[in-house]
Amino acid sequence: MSAYRGRTPLIATALSLVMAVSLAACGGGGSDDPGGTASGEGGFKVGLLFSQGVQPRWENFDKPLIEKKIKDLCADCSMDYANAKGDVATQQQQVETMINNDVEVLLLSAVNFRSLRHSVERAHDVGIPVIAYDGLVEGPIAAYVSFDNERVGRLQGEALLRALGERADSGRIVMMNGPQTSPTNVAFKKGALSVLQGRVRIGEAYDTPGWSQETAHTNMENAIAALGVDGIDGVYAANDGLAAGAISALKAAGIRPLPPVTGQDADLAAVQRIVKGEQYMSVYKPFKAEADAAAEMAVALGRGEKLDDIADTTVATATTQDIPAVLLDPIPVTVDDIRATVIKDGLYTIAQICTPETAPACEKAGLTD
Numbered sequence: 221m222s223a224y225r226g227r228t229p230l231i232a233t234a235l236s237l238v239m240a241v242s243l244a245a246c247g248g249g250g251s252d253d254p255g256g257t258a259s260g261e262g263g264f265k266v267g268l269l270f271s272q273g274v275q276p277r278w279e280n281f282d283k284p285l286i287e288k289k290i291k292d293l294c295a296d297c298s299m300d301y302a303n304a305k306g307d308v309a310t311q312q313q314q315v316e317t318m319i320n321n322d323v324e325v326l327l328l329s330a331v332n333f334r335s336l337r338h339s340v341e342r343a344h345d346v347g348i349p350v351i352a353y354d355g356l357v358e359g360p361i362a363a364y365v366s367f368d369n370e371r372v373g374r375l376q377g378e379a380l381l382r383a384l385g386e387r388a389d390s391g392r393i394v395m396m397n398g399p400q401t402s403p404t405n406v407a408f409k410k411g412a413l414s415v416l417q418g419r420v421r422i423g424e425a426y427d428t429p430g431w432s433q434e435t436a437h438t439n440m441e442n443a444i445a446a447l448g449v450d451g452i453d454g455v456y457a458a459n460d461g462l463a464a465g466a467i468s469a470l471k472a473a474g475i476r477p478l479p480p481v482t483g484q485d486a487d488l489a490a491v492q493r494i495v496k497g498e499q500y501m502s503v504y505k506p507f508k509a510e511a512d513a514a515a516e517m518a519v520a521l522g523r524g525e526k527l528d529d530i531a532d533t534t535v536a537t538a539t540t541q542d543i544p545a546v547l548l549d550p551i552p553v554t555v556d557d558i559r560a561t562v563i564k565d566g567l568y569t570i571a572q573i574c575t576p577e578t579a580p581a582c583e584k585a586g587l588t589d
């Protein structure tokens, strides 16, 4: 017979009360409160899950900026981090691990906005609010932080038309879109087409799984074969990695001068290509503003607070309406804008941009100290 079976109801009741108090003090992901812990100024754990590492911004900027802002707002808070490297199954397992590790809030950049729905539902069911970061995801998300993604595409399209000038009406472009597996990437394409369709002929168009630079290179080789070395007047590339792949294929084909090529994310290599005249433009998305807003939301939700003072609009998905959201403004960057954007904001220094290889072009562009 167990030694515990002879205990009186009074003792059992006292033990139950002690356990209840202890569990309440610990908090944890198993709470029934979808708004996170009501622990006031106390610390808790935030889970950060990124979808891929192809674009250098995620590891170089977003992650450290989010972590720093969380610490600034909540000195006793901590952050668990994982990157799915583009694999849905990996990210689904990472969500489960975060739940089991008692995170109070999840910041999620989803590999696939539909495939992660069950994971979002799992987190919600155990009381962990999920903030969609940089792209929407289906399921009962608590908040969303990103940029106006249709505007990103419009800025790219408008820049390409400006670069084409009089050739816009008779010219022919190639479209290098990102993977159409999330509303974010669909929005880039939609925004670009809203500007380009009816204004310029689209000779070839490709959707690029995994944002693969190598695939972009191959697709551009195919476009050159189909349209001819003199048949491409401009390239809409949805991000800087696709731009790099397209430019490498254009150069390998001996096409000179290079046609104007768009991009996005203001990667350092892309800024250097812009300085050298190989890439016409990129879209700078102030990562600090996005990271700060995400961290502010995470801390507020972890403390059981509303987001009224942070979110200034709402968005909706097929599964969830009226999602509190922060949508930030993207900024186009050509060679004339580098100093007033990425340098001014401290994203890069002139020394980082103006290496010995790019020094002559930097001097021509007025980027020397």
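Per our numbering, the very first residue in the sequence shown carries number 221; after that it's consecutive. In this text, a Cβ means the ideal position worked out from N, Cα and C, and glycines have one as well. Just so you know, these numbers come straight off a predicted model, no measurement behind them.
- The three-state reading of DSSP puts T310 in helix, counting H, G and I together.
- Close CB contacts of A469 within its chain, under the 6 Å cut and outside five residues either way in sequence, are with H437, M440, E441 (chain order).
- For F507, the uninterrupted alpha helix (DSSP H) segment begins and ends at 507–522.
- In this structure the segment 475–489 does not lie against the segment 514–531, because fewer than three pairs of beta carbons, one per stretch, are closer than 8 Å.
- D292 carries a helical assignment under DSSP once its states are collapsed to helix, strand and coil.
- When DSSP states are grouped into helix, strand and coil, A545 belongs to the strand group.
- Rounded to the nearest angstrom, the Cβ distance from K265 to A515 is 14 Å, too far for a contact under 8 Å.
- Membership of N405 in any beta strand (DSSP E) is not indicated; the residue belongs instead to the alpha helix (DSSP H) covering 403–416.
- Straight-line spacing of the CA atoms in L293 and E510 works out to 15 Å.
- Contact between the segment 301–315 and the segment 271–280 is established, with three or more Cβ pairs separated by less than 8 Å.
- Taking a C-beta distance under 8 Å as the contact criterion, L521 and A407 do not qualify as a contact pair.
- Here T428 is near N397, since their CB atoms are less than 8 Å apart.
- Assignment of F264 by DSSP, reduced to helix, strand and coil, places it in the coil class.
- S298 is the residue among R277, S298, W278 whose C-alpha sits nearest the C-alpha of G262.
- For T310, the closest C-alpha among the options L326, D322, H344, V331 is that of V331.
- In the same chain as A343, and ignoring 5 residues on each side of it, the C-beta atoms closer than 7 Å to its own belong to V315, I319, L326, V350, in chain order.
- By alpha-carbon distance to A302, the top candidate from G430, A490, T317, A295 is T317.
- For the pair I467 and E498, the CB atoms are nearer than the 8 Å cut-off.
- Annotation: the continuous beta strand (DSSP E) that includes M299 extends over 298–303.
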